[in-house]
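Sequence order for the protein chains is A, B and C. The numbering used here puts the first residue of the first sequence at 174, with every later residue one more than the last. The numbering used here puts the first residue of the second sequence at 174, with every later residue one more than the last. The numbering used here puts the first residue of the third sequence at 174, with every later residue one more than the last. Here a beta-carbon is modelled for each residue, glycine too, at the ideal position from N, C-alpha and C.
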Amino acid sequence: MPRQQFQIETGGQGLYEFTDAAADALSDMGAEDGLLTVFTRHTSCSLLIQENADPDVVRDLREFFHRIVPPSDDASMGWVRHRSEGPDDMPAHIKAALTAVSLSIPVDKGRMMLGTWQGLYLFEHRDRPHRRQIVLQFLPG
Amino acid sequence: MPRQQFQIETGGQGLYEFTDAAADALSDMGAEDGLLTVFTRHTSCSLLIQENADPDVVRDLREFFHRIVPPSDDASMGWVRHRSEGPDDMPAHIKAALTAVSLSIPVDKGRMMLGTWQGLYLFEHRDRPHRRQIVLQFLPG
Amino acid sequence: MPRQQFQIETGGQGLYEFTDAAADALSDMGAEDGLLTVFTRHTSCSLLIQENADPDVVRDLREFFHRIVPPSDDASMGWVRHRSEGPDDMPAHIKAALTAVSLSIPVDKGRMMLGTWQGLYLFEHRDRPHRRQIVLQFLPG
Numbered sequence: 174m175p176r177q178q179f180q181i182e183t184g185g186q187g188l189y190e191f192t193d194a195a196a197d198a199l200s201d202m203g204a205e206d207g208l209l210t211v212f213t214r215h216t217s218c219s220l221l222i223q224e225n226a227d228p229d230v231v232r233d234l235r236e237f238f239h240r241i242v243p244p245s246d247d248a249s250m251g252w253v254r255h256r257s258e259g260p261d262d263m264p265a266h267i268k269a270a271l272t273a274v275s276l277s278i279p280v281d282k283g284r285m286m287l288g289t290w291q292g293l294y295l296f297e298h299r300d301r302p303h304r305r306q307i308v309l310q311f312l313p314g
Numbered sequence: 174m175p176r177q178q179f180q181i182e183t184g185g186q187g188l189y190e191f192t193d194a195a196a197d198a199l200s201d202m203g204a205e206d207g208l209l210t211v212f213t214r215h216t217s218c219s220l221l222i223q224e225n226a227d228p229d230v231v232r233d234l235r236e237f238f239h240r241i242v243p244p245s246d247d248a249s250m251g252w253v254r255h256r257s258e259g260p261d262d263m264p265a266h267i268k269a270a271l272t273a274v275s276l277s278i279p280v281d282k283g284r285m286m287l288g289t290w291q292g293l294y295l296f297e298h299r300d301r302p303h304r305r306q307i308v309l310q311f312l313p314g
Numbered sequence: 174m175p176r177q178q179f180q181i182e183t184g185g186q187g188l189y190e191f192t193d194a195a196a197d198a199l200s201d202m203g204a205e206d207g208l209l210t211v212f213t214r215h216t217s218c219s220l221l222i223q224e225n226a227d228p229d230v231v232r233d234l235r236e237f238f239h240r241i242v243p244p245s246d247d248a249s250m251g252w253v254r255h256r257s258e259g260p261d262d263m264p265a266h267i268k269a270a271l272t273a274v275s276l277s278i279p280v281d282k283g284r285m286m287l288g289t290w291q292g293l294y295l296f297e298h299r300d301r302p303h304r305r306q307i308v309l310q311f312l313p314g
């Protein structure tokens with residue numbers, strides 16, 4: 174079946190590239206021409222296609238999201254009600270809502286049609302390490 | 174044809190879960206393995222996959238978006254030009270741009286491969302009640 | 174093969190509608206019922222479905238994103254590290270992360286199932302003109 178699942182072990186907040194793992198999975202599926210869908214089965218991490226050349230880009234992305242959605246023990250976040258799972262939890266849901274849980278990528282002759290600088294990232298929004306499930310589904314077309 | 178449409182009646186701003194309605198539609202379509210695309214035909218509401226356990230999560234999501242994009246009669250929004258449809262209208266377009274009009278969800282044996290806490294939501298950004306059209310398209314794969 | 178590529182020449186920051194070009198490409202592909210995926214192969218522009226009736230809507234969208242992510246030579250952006258490509262570059266990556274690199278649109282009898290007010294836009298986040306590559310992939314279903 175043209176589907177693969179794998180897990181990404183995260184070490185707390187940050188962006189974790191998995192472009193190579195996705196390319197390997199496509200190859201394992203025998204994909205030719207079609208559409209790859211990448212989906213993450215969580216509500217406190219998300220998916221992103223972003224520049225993978227200068228590591229400062231993902232560092233700055235993380236910093237921006239931290240500034241726009243600070244931890245809920247920050248003075249500016251007194252309005253947050255969902256606090257039972259820690260000060261990083263509700264901000265994680267918000268950051269996930271601002272980004273994406275799925276990516277759709279055209280595939281040509283078994284290769285994702287990514288631009289030169291595009292890489293696939295899991296964006297972990299929780300402080301503690303997590304094991305995140307990724308589903309890759311290929312549809313021929 | 175592996176497509177269904179339904180409407181969601183909203184009662185003003187907020188998140189409206191339709192996970193069960195989507196699952197029923199999948200079943201009606203006789204879906205097995207493949208990809209479900211959910212699409213909304215509007216520019217002032219959007220779609221979200223988010224936690225459906227604690228109702229405070231969707232309440233906080235709504236509050237965050239209200240704070241980052243206040244109504245256009247708020248003092249901080251004096252720069253807004255598109256005002257003819259009311260102070261909730263341009264913020265609705267902005268909130269829609271910050272979230273998503275479509276969701277892509279792998280389907281296994283007729284079931285969406287959602288994580289334990291993931292639910293599908295329509296995010297209504299207008300104050301007045303609206304009838305929102307949802308298109309579900311299933312592609313076998 | 175049910176895929177088309179074209180380029181959009183942008184003249185700096187702003188939203189560029191390409192609904193008609195996408196409709197023409199669908200027609201050239203002989204598309205009937207199925208799913209259209211639109212993908213852009215860049216990390217400093219993005220894709221958006223938004224209202225194409227009042228031009229103030231896209232002007233206000235651009236203004237909102239400029240205010241929430243100012244150029245990195247703005248006093249509020251002193252934390253940005255990725256500066257080698259100019260003050261518009263890191264904000265461009267952030268704005269791309271806040272919007273989308275792909276759109277998924279159900280197609281009925283060769284026509285995108287867009288709502289009355291929905292148009293497809295390339296959102297250019299760089300100051301200088303760019304030639305942006307768009308991939309359209311149609312899957313019958």
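- Here R299/B really is in contact with Q186/B; their C-beta atoms are around 7 Å apart, less than 8 Å.
- DSSP, reduced to helix, strand and coil, places H303/B within a strand of the structure shown.
- Check the Cα spacing between A196/C and each of H303/C, P302/C, R301/C and Y294/C: the tightest is with Y294/C.
- Comparing alpha carbon positions, the residue from F296/C, R284/C, R304/C and Q310/C closest to M286/A is Q310/C.
- When the alpha-carbon of A270/B is set against those of D201/C, G292/C, D193/C and R305/C, the nearest one is in G292/C.
- L221/B and F296/B have their alpha carbons spaced roughly 7 Å apart.
- Under the 8 Å criterion on CB atoms, G259/C is classed as non-interfacial with respect to chain B.
- Each of I267/B, V242/B and T216/B was checked against the Cα of T289/C, and the nearest Cα belongs to T216/B.
- Across the segment 261-277 of chain A, CB contacts with chain C closer than 9 Å involve L271, T272, A273, S275, L276 and S277, in sequence order along the chain.
- Relative to G203/A, the option among R305/A, V308/A, D281/A and D229/A whose CA is nearest is D281/A.
- When beta bridges are read from the DSSP output, S275/C appears opposite F212/C.
- Restricted to the segment 238-284 of chain A, the alpha helix (DSSP H) segments that are unbroken, complete and at least 4 residues in length are 262-271, listed in chain order.
- Beta-bridge analysis with DSSP links V230/C to no other residue.
- DSSP links Q291/A through a beta bridge to E224/A.
- Membership of T183/B in the beta strand (DSSP E) is indicated by the continuous run R176 to T183.
- Membership of A195/B in the alpha helix (DSSP H) is indicated by the continuous run T192 to D201.
- Contacts with chain B at 8 Å (Cβ-Cβ) include T210/A.
- The distance from the Cβ of S275/C to that of S277/A is about 4 Å, consistent with a contact at the 8 Å cut-off.
- Take G184/B, set aside five residues on each side of it, and the residues of its chain with a beta-carbon closer than 6 Å to its own are P302, in chain order.
- Residue environment analysis places S245/B among the buried positions, since at least 16 neighbouring C-beta atoms fall within 10 angstroms of its C-beta.
- In the structure shown, E205/A falls within a coil segment according to DSSP collapsed to helix, strand and coil.
- Under the 8 Å criterion on CB atoms, P175/B is classed as interfacial with respect to chain C.
- Around D206/A, the same chain offers V280, D281, K282, P313 and G314 as residues with beta carbons nearer than 7 Å, after the five sequence neighbours per side are excluded.
- Between Q306/A and V242/C, the alpha-carbon positions lie close to 31 Å from each other.
- Residue environment analysis places D201/A among the exposed positions, since fewer than 16 neighbouring C-beta atoms fall within 10 angstroms of its C-beta.
- Separation of P264/C and R232/C (C-alpha to C-alpha, rounded to the nearest whole angstrom) is 18 Å.
- For H239/C against V230/A, the beta-carbon gap comes to about 19 Å, at or over 8 Å, which does not count as contact.
- Spanning the alpha carbons of L208/A and T210/C requires a straight line of approximately 8 Å.
- A Cβ-Cβ separation of about 6 Å places E190/B in contact with N225/B under the 8 Å criterion.
- Residues of the segment 282-304 of chain B whose Cβ lies closer than 7 Å to any Cβ of chain A, in chain order: M286, L287, G288, W290 and Q291.
- The beta carbon of Q223/B is closer than 8 Å to those of L188, V230, V231, L234, Q291, G292 and Y294 in its chain, skipping five residues each way along the sequence.
- Listed along the chain, the chain B residues whose CB falls inside 8 Å of the CB of D197/C amount to none; the nearest CB is some 21 Å away.
- Taking C-beta separations shorter than 6 Å and ignoring five residues to either side along the sequence, the partners of I267/C in its chain run V242, following chain order.
- Identification of chain B residues near H215/A by a Cβ-Cβ cut-off of 7 Å yields G288, ordered along the chain.
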